[in-house]
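Residue numbers for the sequence shown follow UniProt numbering, so the first one is 1 and each next one is one higher. Where a beta carbon is used, it is the ideal one built from N, C-alpha and C, also for glycine.
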Amino acid sequence: MEPNSGKLDRLVVAIDGPAAAGKSTVGEAVAHRLNALYFDTGVIYRALTLAALERGIDVVGNTSRLLDLARGLNVRVAEPSQQDGRLYDVWLNGRDVSWAIRSADVDRAVSPVAAHPAIRRALLPLQREIGGRGRVVMTGRDIGTVVMPDAELKIWLDASLEERARRRQRELAGRGIDRSLSEVQAEMAERDRRDSQRTVAPMRPAEDAVLIQTDGRTVTEIVEEIATLAGSQTKMRHQYGDQ
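Here is the structure:
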């Protein structure tokens with residue numbers, strides 16, 4: 001699918017929020033509903049983290065090797081080729097890493113990778129290029145504040161720490177990984193702390209973002225709300241033009 005790149009037909013929906021808030025599931029469903037491209041920017045950082053771990057690179061202290069790796073990284077995101085719960089295929093240097101980038105090791109290491117200012121700068125042009133293609137739904141932690149600050153619609157998706165930990169535990173269990181709820185919750189709280197306190201592109205809602213709390217709500221309800229907001233935004237743009 002090649003989204004229409006006309007100025008008035010452009011629609012960038014930025015969905016940000018903490019881990020396990022439902023961004024990927026909701027974002028993919030919203031993209032399908034709006035006939036838009038779906039792009040989870042987190043897969044780039046996860047793919048880089050996986051590549052670094054496989055090479056034994058210290059993701060905290062070896063910025064120069066990480067940066068070299070980032071510059072030569074070949075990441076491709078495609079429609080899912082298997083019905084195993086994945087929302088898309090992720091290929092790293094020609095290898096399917098769709099589930100490998102969701103491992104507990106990557107979960108623990110991705111925050112320091114994403115916190116490197118030089119790494120974020122190196123990967124930003126790719127993210128913006130994808131976001132500029134036309135109709136795109138992008139999910140991450142700083143889409144509305146850094147990657148696409150001019151997005152037509154900005155959403156901050158959130159849920160309580162307890163609810164997010166339960167979701168992540170279920171996801172891990174579905175992949176055969178047995179983790180206690182308290183362990184998952186503690187790791188998630190630590191990641192929230194790191195992501196929100198990093199000096200470059202800290203995790204926070206954009207000032208003009210619509211805040212949506214997902215506790216106790218179905219995916220369908222949330223998708224309907226975002227689709228309605230997107231429809232209103234599109235209607236206004238066509239009515240008044242891109243002013």
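Would you mind giving the Cβ-Cβ distance between residue i and residue j, rounded to the nearest angstrom? I have them listed as a contact below 8 Å.
i           : j           : result
residue 137 : residue 34  : 7 Å
residue 164 : residue 19  : 6 Å
residue 110 : residue 46  : 6 Å
residue 244 : residue 223 : The structure shown does not extend to residue 244, since the chain is modelled only from 1 to 243, so the question has no answer here.
residue 161 : residue 189 : 6 Å
residue 22  : residue 159 : 7 Å
Figure out for me which residue from the options has the closest Cα to the Cα of residue i.
i           : options               : result
residue 76  : 67, 92 and 61         : 92
residue 227 : 181, 39, 208 and 153  : 153
residue 112 : 194, 94, 135 and 182  : 194
residue 169 : 158, 187 and 156      : 187
residue 115 : 62, 40, 39 and 183    : 62
residue 83  : 98, 72, 73 and 69     : 98
residue 124 : 213, 55, 58 and 41    : 41
residue 10  : 135, 71, 22 and 103   : 135
residue 96  : 74, 216 and 189       : 74
residue 44  : 172, 182 and 70       : 70
residue 214 : 206, 225, 207 and 204 : 225
residue 104 : 192, 52 and 172       : 172
What does the alpha-carbon distance come out to for the pair residue i and residue j?
i           : j           : result
residue 3   : residue 149 : Summary for residue 3: the model assigns pLDDT 43, below 50, so the residue's position carries little reliability; its value from the coordinates is reported in the next sentence. So the alpha carbons of these two residues sit roughly 20 Å apart.
residue 25  : residue 87  : 8 Å
residue 14  : residue 30  : 11 Å
residue 119 : residue 180 : 32 Å
residue 117 : residue 199 : 8 Å
residue 167 : residue 79  : 23 Å
residue 177 : residue 141 : 25 Å
residue 50  : residue 37  : 25 Å
residue 65  : residue 100 : 21 Å
residue 132 : residue 89  : 21 Å
residue 57  : residue 232 : 47 Å
residue 184 : residue 102 : 14 Å
residue 251 : residue 54  : Because the chain spans 1 through 243 in this model, residue 251 falls outside it and cannot be assessed.
residue 48  : residue 12  : 25 Å
residue 202 : residue 121 : 14 Å
Per DSSP, what are the beta-bridge partners of residue i in this structure?
i           : result
residue 157 : 212
residue 37  : 136
residue 60  : Note: residue 60 sits in no beta bridge, so no partner.
residue 78  : 89
residue 95  : 92
Can you name the start and end residues of the alpha helix (DSSP H) that residue i belongs to?
i           : result
residue 110 : 104-115
residue 44  : 42-54
residue 194 : 181-197
residue 92  : Where residue 92 is concerned, there is no enclosing alpha helix (DSSP H), although the beta strand (DSSP E) it sits in stretches over 89-92.
Can you find a C-beta in chain B that's less than 8 Å from the C-beta of residue i?
i          : result
residue 36 : Chain labels in this structure do not include chain B; a single protein chain is all it has.
Where do the N-terminal and C-terminal ends of the beta strand (DSSP E) with residue i fall, by residue?
i          : result
residue 14 : 11-16
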